[in-house]
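**Student:**
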Amino acid sequence: MEDEKLQGAVEAILFAMGGAVELKKIAAAIGKTPEETKKILEQYQTRCSREDRGICLIELEDSYQLCTKKEFYSCLTAILSQPKKAALTDVMMETLAIIAYRQPVTKAEIEKIRGVKSDHAVNKLIEYGLVQELGRLDAPGRPLLFGTTEEFLRDFGIDSRENLPEISPVLLEDFKEEAEAEAGVKVEV
């Protein structure tokens with residue numbers, strides 16, 4: 000591969016990885032020695048600094064990372080100050096609460112509690128980074144298990160899953176009575 004193609008390959012690797020990547024890993028990926036790769040990285044770095052581009056290449060202890068040039072920070076802060084997540088619907092909040100308090104939980108368990116399909120809500124919560132797959136239940140069909148993420152904890156200001164707010168016994172009794180009246184059956188908690 001010629002140098003420009005190799006620089007493109009390096010750019011693709013660094014862009015896709017997002018964070019810093021060790022020189023030896025980049026070298027292995029492009030099939031060059033670390034010394035040859037360092038020269039390619041230096042050429043790419045020079046190219047980025049000369050051209051009117053929004054990114055630069057920085058070196059961090061024998062690792063490399065793509066970063067935004069300082070002169071474009073005001074553009075970034077303007078975009079970052081805009082809301083980035085859609086508000087959670089009641090259905091998503093209900094599903095998230097079930098997952099948070101019952102985790103690890105299967106979709107079937109969520110649907111049993113809610114009484115309706117929950118595919119869309121679970122998928123949206125995964126997309127928003129609030130819920131993740133934790134593995135599979137050791138049962139027939141091996142259903143997926145779901146739980147909350149660190150992003151959930153950050154967004155809701157909780158330091159640990161063990162510190163989820165407790166449901167008031169009075170509220171729990173109210174919910175139980177409401178569910179019994181709605182379903183026309185007696186609920187055991």
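For what it's worth, numbering that gives the first Met the number 0 labels the leading residue of the sequence shown as 0, then goes sequentially.
Using N, Cα and C, we set each Cβ at its ideal position, and we do this for glycine too.
Can you list, in chain order, the residues of its chain with a C-beta nearer than 8 Å to that of residue 163? Leave out the 5 residues immediately preceding and following it.
**Tutor:** Here the set comprises 99, 100, 157.
**Student:** Restricting to Cα atoms, I'd like to know which of 33, 65, 14, 60 is closest to residue 44.
**Tutor:** The option with the nearest alpha carbon to residue 44 is 65.
**Student:** Are three or more beta carbon pairs between the stretch 104-117 and the stretch 74-81 nearer than 8 Å?
**Tutor:** They do not touch, by the three-pair rule.
**Student:** What is the DSSP secondary structure of residue 42, reduced to helix, strand or coil?
**Tutor:** Looking at residue 42 - three-state DSSP - the assignment turns out to be helix.
**Student:** Among all the DSSP beta bridges, which residues are the ones paired with residue 21?
**Tutor:** In the DSSP output, where bridge partners are listed per residue, residue 21 has 62.
**Student:** Using C-beta distances below 8 Å, list every residue in its chain close to residue 132, excluding the 5 sequence neighbours before and after it, in chain order.
**Tutor:** Correct list, in chain order: 125, 143, 144, 145.
**Student:** CA-CA distance, residue 48 and residue 127?
**Tutor:** Approximately 35 Å between the Cα atoms of the pair.
**Student:** Under three-state DSSP, which class holds residue 155?
**Tutor:** Residue 155 falls in the coil class under three-state DSSP.
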